[in-house]
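Engineer: There's a structure below that I have some questions on.
Numbering (this note's numbering), first residue to last: 1152 to 1538.
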């Protein structure tokens, strides 16, 4: 039997080397990619290679999320390790050559006596040390913000969710570049909120509960939204730059009278109807006079602003549409018992619009005896009373 010939095993072709296209990217591109990751994932990339060791420190965004992974019931001293981790994030970042474009603090902090102190420290580090341009804070377990004004020359956008603020922190005069302010599910315990620079202001599902009515001073606001808030309706100062406003009052506001379905029983001694000390001033509507697009709605039980005189100015070419036939006719007259006169001002060319206003006002219970129509001259400021 002939001896067996052992054949050498066939050599396998070496696998084709796949080029590392990610490492070929410039540092600036990798910084942008890392800025899209949660902070704990971005930091983990430091073990990939020597080049990646410090890349995360230059990412333009810092997103602190996922506190659940540090739950102390699952991993021992989880909360303490989470706090030390976030402290390290702000300390290790390169602050001189990489200011933050975005700092996002979005986590559900477990109940802890020192949670307010830690969060407030991170806020100050984001603004004062790293000069964040956009700051987002979303904390379901209400955090009391520091009792000092925010100071930043670079902050342009501030979004707050689930925080409690007082007069000092809601004074944004030390943030001259701030353009957009959005607050959601916040508790506002302040006599005044103000900013000379904010153009976009949005408050949704917030609670106003100071001892006195909150005064809102935002003279540069172009877009305003007050939606689903509770407590006392804030006092809006004049907003001469206002273009569009959405103001929705529901039955969570304290300005209401339970003695009447319309929110105004007509009794001057009623505390609920007359709980505003200076009745010569309008609480809300005066600040909305400059709006060219206005959406205003309220629950039937909401209190009117003790309105005694209503003035309607009709432009030459109104852009909105008003048809009394499309309005839902109330079971009781809509007009406040305090209303004494309705004044309609026009230039004489808007006859159809005047008729529509008369029809709509009559539909809502305003008699003709309380309506005056004044013709405004186009060449002078004199007015002629027609009715």
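Cβ coordinates follow ideal geometry from the N, Cα and C atoms, glycine included.
If we require 3 or more residues per run, which beta strand (DSSP E) segments fall completely within the stretch 1227-1277?
Structural biologist: 1253-1257
Engineer: So if DSSP puts residue 1307 in a beta bridge, which residue, or which two residues, is it bridged to?
Structural biologist: Its beta-bridge partners do not exist; DSSP assigns none.
Engineer: Note down, in chain order, each residue of its chain lying with its Cβ closer than 8 Å to the Cβ of residue 1350, except the 5 sequence neighbours on either side.
Structural biologist: Leaving aside the five residues that flank residue 1350 on each side, the residues in its chain whose CB is nearer than 8 Å to its CB run, in chain order, 1330, 1331, 1371, 1372, 1373, 1374 and 1392.
Engineer: Determine the direct distance from the alpha carbon of residue 1279 to that of residue 1179, and round the result to whole angstroms.
Structural biologist: Taking the straight line from one Cα to the other gives about 24 Å.
Engineer: Which same chain residues end up closer than 8 Å to residue 1270 when comparing Cβ atoms and leaving out the 5 residues on each side of it in sequence?
Structural biologist: 1256, 1260, 1288, 1290 and 1294
Engineer: Does the Cβ of residue 1444 have 16 or more other Cβ atoms within 10 Å, making it buried, or fewer, making it exposed?
Structural biologist: exposed
Engineer: Using a Cβ-Cβ cut-off of 7 Å (strictly less than) and excluding sequence neighbours within five positions of residue 1431, which residues of its own chain qualify?
Structural biologist: In this prediction, residue 1431 scores a pLDDT of 47, lower than 50, which makes its location untrustworthy; the coordinate-derived value is nonetheless stated afterwards. Result list for residue 1431: empty, nothing under 7 Å.
Engineer: From the DSSP output, in three-state form, read off residue 1192 for me.
Structural biologist: helix
Engineer: In angstroms with no decimal places, state the Cα-to-Cα distance between residue 1358 and residue 1367.
Structural biologist: 14 Å
Engineer: Distance, Cα to Cα, residue 1387 vs residue 1305?
Structural biologist: Taking the straight line from one Cα to the other gives about 27 Å.
Engineer: Counting along the chain, where does the alpha helix (DSSP H) carrying residue 1512 start and finish?
Structural biologist: From DSSP, the alpha helix (DSSP H) with residue 1512 extends over 1502-1514.
Engineer: The alpha helix (DSSP H) spanning residue 1378 covers which residue range?
Structural biologist: First-last for residue 1378: 1374-1378, but that is the beta strand (DSSP E), not the alpha helix (DSSP H).
Engineer: Since residue 1505 and residue 1461 are thought to touch, with beta carbons under 8 Å apart, how far apart are those beta carbons, to the nearest angstrom?
Structural biologist: Residue 1505 to residue 1461, Cβ: 15 Å. No contact.
Engineer: Between residue 1315 and residue 1281, how many whole angstroms is the CB-CB distance? I'm expecting something under 8 Å.
Structural biologist: That pair is no contact at about 24 Å.
Engineer: Around the Cβ of residue 1298, are there at least 16 other Cβ atoms within 10 angstroms (buried) or fewer (exposed)?
Structural biologist: exposed
Engineer: Near residue 1328, what residues of its chain come up, given a Cβ to Cβ distance below 8 Å and the 5 sequence neighbours on each side ignored?
Structural biologist: 1303, 1304, 1305, 1306, 1307 and 1348
Engineer: Please classify residue 1128: is it buried, with 16 or more other beta-carbons within 10 angstroms of its beta-carbon, or exposed?
Structural biologist: Here the chain has residues from 1152 to 1538 only, and residue 1128 is not among them.
Engineer: Between residue 1491 and residue 1521, which are expected to be in contact by the criterion C-beta below 8 Å, what is the C-beta distance as a whole number of angstroms?
Structural biologist: That pair is a contact at about 7 Å.
Engineer: For the alpha helix (DSSP H) that residue 1559 lies in, which residues bound it at each end?
Structural biologist: The question about residue 1559 has no answer, for the chain in this structure spans 1152 to 1538.
Engineer: Indicate whether residue 1322 and residue 1343 have their beta-carbon atoms separated by less than 9 Å.
Structural biologist: yes
Engineer: Name the residue from 1176, 1355 and 1190 whose alpha carbon lies nearest to the alpha carbon of residue 1333.
Structural biologist: 1355
Engineer: On the CB-based measure, 16 or more other CB atoms within 10 Å of its CB, does residue 1190 come out buried or exposed?
Structural biologist: buried
Engineer: When DSSP labels each residue in this structure, what does residue 1178 get in the three-state scheme?
Structural biologist: In the structure shown, the three-state DSSP call for residue 1178 is helix.
Engineer: When you compare the CB positions of residue 1205 and residue 1197, do they come within less than 9 Å of one another, or not?
Structural biologist: yes
Engineer: Can you give me the Cβ contacts of residue 1253 inside the same chain, cut-off strictly under 6 Å, excluding the 5 residues immediately before and after it?
Structural biologist: 1212 and 1285
Engineer: Any idea what DSSP makes of residue 1350, helix, strand or coil?
Structural biologist: coil
Engineer: Taking the Cβ atom as the reference point for each residue, do residue 1296 and residue 1325 lie within a distance shorter than 9 Å?
Structural biologist: No, they are not a contact pair.
Engineer: So residue 1181 and residue 1193 are in contact, right, with Cβ under 8 Å, and what is the actual spacing, rounded?
Structural biologist: Not really, about 10 Å apart at Cβ, beyond 8 Å.
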